[in-house]
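Enquirer: Pasting in a structure now, in structure tokens, and then I'll have a few things to ask.
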Amino acid sequence: MRQAQYDEIFSIMEGSFPVSEFRTYSGQKALLDNPHYRIYTEQDAGGRIIAFLAAWEFPGLRFIEHIAVSPGIRGGGTGKILMDRFLARSEVPVLLEVEPPDGEIEQRRIGFYERLGFHLNPFEYVQPPLRSGEQDLPLRIMTYPGPVGAEEFRQYREILYSEVYKRTAPGS
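In terms of our numbering, the sequence shown opens at residue 10 and continues consecutively.
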């Protein structure tokens with residue numbers, strides 16, 4: 010990936026997520042060296058990146074860590090196109106994290122993923138801090154193509170904690 014492409018992706022990330030939900034510039038960039046980490050992009054007619062999907066790909070699951078569309082063109086279907094392409098290439102379950110459905114924005118985001126075929130699971134889950142000085146972030150896990158049971162959730166959480174966050178999962 011060229012430096013300019015990475016800068017475009019990071020700029021979209023900064024405009025789309027609270028600071029606690031993504032790594033520092035160098036921390037995110039370092040992930041590009043990880044063989045399990047992939048970034049898929051959507052570009053405009055001029056070749057400028059307008060959306061991206063960052064995922065971790067393991068033998069038994071695919072984990073979408075970030076998906077974002079450039080703020081100026083949100084709501085036009087670009088995110089759905091990116092997700093549809095990603096899901097069409099998925100032969101294993103796909104997971105993603107969402108904020109609990111406590112407010113209207115969170116409920117709309119969950120609804121977007123549900124329309125794509127994801128299921129909100131009822132299990133307690135926290136995302137470990139992605140930056141120094143940040144706190145654990147209470148989230149929920151959504152799965153595609155179906156919901157998961159407690160044991161399957163535990164196994165997926167173990168993979169996310171050990172491979173993505175480099176931590177030990179609670180209760181391990």
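Note that the Cβ used here is the ideal one computed from N, Cα and C, for glycine as well.
Computed from a prediction, not measured in an experiment: that's the story for all the values here.
Where does R83 fall in DSSP's three states?
Expert: Of the three classes helix, strand and coil, the one that applies to R83 here is coil, per DSSP.
Enquirer: Among H45, Y170, A97, G24, which residue has its Cα nearest to the Cα of D145?
Expert: Considering only alpha carbons, the answer is Y170.
Enquirer: Would you list, in sequence order, the uninterrupted beta strand (DSSP E) runs of no fewer than 3 residues that lie entirely inside the stretch 114-159?
Expert: Counting only runs of 3 or more, we get 134-136, 146-153.
Enquirer: Could you check what DSSP says for Y174 in three-state terms: helix, strand or coil?
Expert: Residue state, collapsed to three classes: coil.
Enquirer: When the Cα atoms are used, what is the spatial distance from E66 to P102?
Expert: Those two C-alpha atoms are separated by around 10 Å.
Enquirer: I believe Y134 touches I150 by the beta-carbon criterion, under 8 Å. Please report the beta-carbon distance rounded to the nearest angstrom.
Expert: Contact flag correct, Cβ pair sits at about 5 Å.
Enquirer: Taking only three categories from DSSP, how would you classify V28?
Expert: Reduced to three states, the DSSP call for V28 is helix.
Enquirer: Leaving aside the five residues before and after I59 along the sequence, list all residues of the same chain whose C-beta is less than 7 Å from its C-beta, in chain order.
Expert: Here the set comprises E51, Q52, D53, V78, S79, I82, T87.
Enquirer: Give the single residue among Y49, D42, G180 whose Cα lies nearest to the Cα of I98.
Expert: It should be noted that the sequence gives Arg, not Ile, for residue 98. Per the Cα distances, Y49.
Enquirer: In this structure, what does DSSP give as the bridge partners for A60?
Expert: In DSSP, A60 forms a bridge with E51, V78.
Enquirer: How many Å lie between I119 and L104 at the Cα?
Expert: Going by the C-alpha atoms only, they are around 13 Å apart.
Enquirer: Taking buried to mean at least 16 other C-beta atoms within 10 Å of its own C-beta, is E123 buried or exposed?
Expert: That one is exposed.
Enquirer: Roughly how many whole angstroms lie between the Cα atoms of E74 and L62?
Expert: Roughly 8 Å between the two C-alpha positions.
Enquirer: Please classify R71 as buried or exposed, where buried requires at least 16 neighbouring CB atoms within 10 angstroms.
Expert: By the neighbour-count rule (16 or more Cβ atoms within 10 Å), R71 is buried.
Enquirer: Is the distance from the Cβ of F127 to the Cβ of Y165 below 8 Å?
Expert: Cβ atoms of F127 and Y165: not closer than 8 Å.
Enquirer: Between the beta-carbon of R140 and the beta-carbon of R11, is there less than 8 Å?
Expert: No; because the gap between Cβ atoms is not below 8 Å, this pair is not in contact.
Enquirer: What do you reckon, are the CB atoms on R47 and E17 nearer than 8 Å?
Expert: The answer is no: Cβ separation not under 8 Å.
Enquirer: Starting from S35, trace the alpha helix (DSSP H) both ways and give me its first and last residue.
Expert: Run containing S35: 34-39, per the alpha helix (DSSP H) assignment.
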